[in-house]
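A.B. asks:
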Amino acid sequence: MTTAIFVPAYCLRHYPRTVHLTVMSEESVRHAAILAKSGHVDRIILSTAYERMWAYEADLKKKMLSDLGIDLELVSVIPAVTNSYNEAEAVRQFVQTLGIDTLIVVADKWHEPRATETFRWLFPDLKIFGYSFTTSTYEFSEEPSMIKSLRAGIVPLWVGWNLLFWFLTPLIAKRLSRSD
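Counting the sequence shown from 1 gives a position; our numbering is that position plus 124.
As structure tokens, this is what we get:
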């Protein structure tokens, strides 16, 4: 039995002269580390976003995990995802290769139901658990799509986006399942 924690890509944030993980991303990594330290987790899967910035996001997340006392040998990285659905599809490789039978999705409270539901549709034989947290600060993220960048920083847009796509998840997941 192999249990893995999945941490979604929540992108980066540009500040004057520096680039950081968004607060949402930092909090998801912090909560993943807390769960991993409980001793019931075999792997941590970090998702990262977009071709031009995924490697830097991965480095920041791994450094944070290391600083929190997590052995980086337990960490796998999914590069350059563009949405929750291709992110979930990318997890398939790790599920098969690592023999994962239980997945814990660590995500913001508005995103977690949709992300967890997507995994349940795509992996009906896997035990999927959601672990949500309340993000302390929502902020604009560095994303190619202006709409996606804005929705991350405006709470009503973030909530609405996640509710809309939570309702659409069964349709999208069925389509993805048929393309296997």
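Backbone N, C-alpha and C fix where the C-beta goes; we use that ideal spot for every residue, glycine too.
Run through the DSSP bridge pairs and tell me what L227 is partnered with.
C.D. replies: Taking the first residue of the sequence shown as 1, we reach residue 227 at position 103. Bridge partners of L227: A128 and I252.
A.B. asks: Would you check if the stretch 191–198 and the stretch 223–243 touch, i.e. whether three or more CB-CB distances between them fall below 8 Å?
C.D. replies: The stretch 223–243 vs the stretch 191–198: no contact.
A.B. asks: Span of the alpha helix (DSSP H) holding S149?
C.D. replies: What you label residue 149 is simply residue 25 of the sequence shown in a count that begins at 1. Its alpha helix (DSSP H) spans residues V147 to K161.
A.B. asks: State the CB to CB distance for the pair S172 and P203, rounded to an integer number of angstroms; the pair is presumed to be in contact (CB under 8 Å).
C.D. replies: Along the sequence shown, read from residue 1 onward, the residue named residue 172 stands at position 48. Along the sequence shown, read from residue 1 onward, the residue named residue 203 stands at position 79. Looking at the sequence provided, one finds Thr at residue 172 rather than Ser. 6 Å between Cβ atoms; contact.
A.B. asks: Indicate whether the contact test is met: 3 or more Cβ pairs, each with one atom in the stretch 241–255 and one in the stretch 210–218, closer than 8 Å.
C.D. replies: Contact between the stretch 241–255 and the stretch 210–218 is present, because at least three Cβ pairs lie under 8 Å.
A.B. asks: Just verifying my parser: in three-state terms, what is the DSSP assignment at P140?
C.D. replies: In the sequence shown, residue 140 corresponds to position 16, counting from 1. If DSSP states are grouped into helix, strand and coil, P140 belongs with coil.
A.B. asks: Just confirm the distance between the C-beta atoms of K233 and F257, as a whole number of angstroms; I'd bet it's less than 8 Å.
C.D. replies: As a first step, residue 233 must be located in the sequence shown, where it is residue number 109. As a first step, residue 257 must be located in the sequence shown, where it is residue number 133. So it is a contact: roughly 7 Å between Cβ atoms.
A.B. asks: Look up F257 in the DSSP assignment and give the residues it is bridged to.
C.D. replies: Translated into positions along the sequence shown, residue 257 becomes position 133. DSSP lists D232 as partners of F257.
A.B. asks: Applying the 10 Å Cβ sphere with the 16-neighbour rule, what's the burial state of Y262?
C.D. replies: As a working mapping, residue 262 is identified with position 138 in the sequence shown. By the neighbour-count rule (16 or more Cβ atoms within 10 Å), Y262 is buried.
A.B. asks: Ignore the nearest five residues each way along the sequence and tell me which others in A239's own chain have a CB closer than 7 Å to its CB.
C.D. replies: Reading the sequence shown from its first residue, position 115 is the one you call residue 239. Only P132, S208, V229 and A231 meet the Cβ criterion.
A.B. asks: Do V153 and L192 count as a contact pair if the criterion is CB distance below 9 Å?
C.D. replies: Counting from 1 along the sequence shown, the entry for residue 192 is found at position 68. Counting from 1 along the sequence shown, the entry for residue 153 is found at position 29. Yes, the Cβ-Cβ distance between L192 and V153 is below 9 Å.
A.B. asks: If we ignore side chains and look at the alpha-carbon of each, how far apart do W282 and G254 end up?
C.D. replies: For this step, residue 282 is matched to residue 158 along the sequence shown. For this step, residue 254 is matched to residue 130 along the sequence shown. The straight-line gap from Cα to Cα measures roughly 18 Å.
A.B. asks: Report the option in Y174, I129 and A182 whose CA atom is closest to the CA atom of I158.
C.D. replies: Taking the first residue of the sequence shown as position 1, residue 158 is located at position 34. Measuring from the Cα of I158, the nearest candidate turns out to be I129.
A.B. asks: H138: buried (16+ other C-beta within 10 angstroms of its C-beta) or exposed?
C.D. replies: Along the sequence shown, one-based indexing puts residue 138 at 14. With fewer than 16 other Cβ atoms within 10 Å, it is exposed.
A.B. asks: State buried or exposed for L184, treating a residue as buried only when at least 16 other CB atoms are found within 10 Å of its CB.
C.D. replies: For the purposes of this step, residue 184 is identified with residue 60 of the sequence shown, where counting begins at 1. So L184 counts as buried.
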